[in-house]
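Enquirer:
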Ligand code: C5P
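In my numbering, the protein residues as written are 638 to 943.
#1: For residue 780 versus residue 721, is the C-beta spacing smaller than 8 Å?
#2: Using 8 Å as the threshold, is the region 860-870 in touch with the region 882-901, meaning 3 or more CB pairs across them?
#3: Between residue 911 and residue 930, which are expected to be in contact by the criterion C-beta below 8 Å, what is the C-beta distance as a whole number of angstroms?
#4: For residue 786, which of helix, strand or coil comes out of DSSP?
#5: Based on Cα-Cα distance, which residue from 713, 795 and 728 lies nearest to residue 755?
#6: So, helix, strand or coil for residue 689, using DSSP?
#7: Is residue 621 near the ligand C5P, with its Cβ less than 7 Å from a heavy atom?
#8: Could you tell me if residue 830 is buried or exposed, where buried requires 16 or more neighbouring beta carbons within 10 angstroms of its beta carbon?
#9: For residue 730, which residues of its own chain have a beta-carbon under 6 Å away from its beta-carbon, when the five flanking residues on both sides are left out?
#10: Residue 747 and residue 703 look like a contact to me (Cβ under 8 Å); what is the Cβ gap, rounded to whole Å?
#11: Buried or exposed, going by whether 16 or more other CB atoms sit within 10 Å of the CB of residue 711?
#12: At the level of alpha carbons, what is the spacing between residue 740 and residue 914?
#13: Beta carbon of residue 825: closer than 7 Å to some heavy atom of the ligand C5P?
#14: Which term fits residue 669, buried or exposed, when burial requires 16 or more other beta carbons within 10 angstroms of its beta carbon?
#15: With distances taken between CB atoms, is the gap from residue 806 to residue 660 smaller than 8 Å?
#16: Nearest to residue 940 by alpha carbon, out of 836, 816 and 762?
#17: Kindly examine the ligand C5P and report whether one of its heavy atoms sits closer than 7 Å to the Cβ of residue 782.
#18: I need the DSSP call for residue 673, collapsed to helix, strand or coil.
#19: For residue 768, which residues from the same chain have a beta carbon less than 6 Å from its beta carbon, with the 5 sequence-adjacent residues on both sides left out?
#20: Pull up the distance between the alpha-carbon of residue 937 and that of residue 680, whole angstroms please.
#21: Can you give me the start and stop residues for the alpha helix (DSSP H) that residue 743 sits inside?
#22: Check each candidate in 849, 674, 800 and 795 and name the one with the smallest Cα separation from residue 774.
#23: Between residue 642 and residue 691, what straight-line distance do the alpha-carbon atoms span, to the nearest angstrom?
#24: Can you grab the Cα-Cα spacing for the pair residue 883 / residue 816, in whole Å?
#25: Which of the three DSSP states, helix, strand or coil, is assigned to residue 725?
#26: Nearest to residue 890 by alpha carbon, out of 743, 907 and 654?
#27: Can you tell me where the alpha helix (DSSP H) with residue 779 in it begins and where it stops?
#28: How would you write the range of the alpha helix (DSSP H) that residue 915 sits in, first residue to last?
As structure tokens, this is what we get:
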């Protein structure tokens, strides 16, 4: 077998979903700078794919929207995932990772985390390193707070900094529209703005909302719409004020509810069915308050080898 080229050997491709946070309750900053969360994740059907192919050395390539805004060096979270797995097994990360991006870049939908989870699973399969689910989840948590959820998918409550997951039952399919904004927001900057906006106030301990968990379990979109919350939304709107107009345009167009997705700047609109999703997506685009719209359903499966 020739390990020196990308074309003569087996490749492994992993498909991995985006997420939206249906609840993001944020506590006060911890001594380590992170924030304790009650983070209810829902995986939605926008996917990246990561293909791992044997190569002489670690190399990253990417295709898709806005890939000029992701690093192609070893600071890419997918590269760090390959390096971490290789180091754990005392091998060299001789792999070419090709990322096909469909998840908005720096959009608050865990695109970078998704690629890390996908790279980890793809390399573990390619290298036959045979990690258990628990070992993969531990490596994911080392890579970033949202990475374990990208592996698991479905719906889950994330505690700690978001990495300690409990799967949640979901009783139906929820329909969403996502409005992609111009540019991205840095997650640390949004948490920093949260700290600034909450300075001098008593920030409550983050707790999952019983009404929200019940709405997820029943599959009732109207009930879920009434209980969506994101404690990072004021911070994201403060750093990116035009998002307020996007949120209004979506609710005017018939969305049941609108919120910033995670740390933003993507905005998420829960709608009652697939037809309404298409209507709200067209109206949002026509409003001129966003760059692009996407329609997706959730929950969907986590990172999967194709
Ligand atoms: O874990 P991750 O690398 O994705 O986090 C990126 C940044 O987001 C952290 O460096 C921190 O500034 C912020 N963060 C936080 N509290 C969390 C998760 C992330 O403050 N629970």
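We put the CB at the ideal spot given by N, CA and C, even for glycine.
Expert: Considering the structure as presented:
#1: yes
#2: yes
#3: Rounded, the Cβ-Cβ distance is 14 Å, inconsistent with contact.
#4: helix
#5: 713
#6: strand
#7: Residue 621 is absent from the model: the chain starts at 638 and stops at 943.
#8: buried
#9: In its chain, beyond the 5 residues on either side, 695, 719, 720 and 723 have a beta carbon closer than 6 Å to the beta carbon of residue 730.
#10: No, residue 747 and residue 703 are not in contact; Cβ-Cβ is about 15 Å, not under 8 Å.
#11: Result: exposed.
#12: 18 Å
#13: yes
#14: exposed
#15: no
#16: 762
#17: Yes, Cβ of residue 782 sits closer than 7 Å to a heavy atom of the ligand C5P.
#18: strand
#19: 761
#20: 5 Å
#21: Where residue 743 is concerned, there is no enclosing alpha helix (DSSP H), given that its DSSP letter is neither H nor E.
#22: Here the closest residue by C-alpha is 800.
#23: Model confidence at residue 642 stands at a pLDDT of 45, short of 50, so the residue's coordinates are unreliable and nothing is read from them.
#24: 8 Å
#25: Here residue 725 sits in helix by DSSP.
#26: 907
#27: DSSP places residue 779 in the uninterrupted alpha helix (DSSP H) bounded by 770-780.
#28: 911-924
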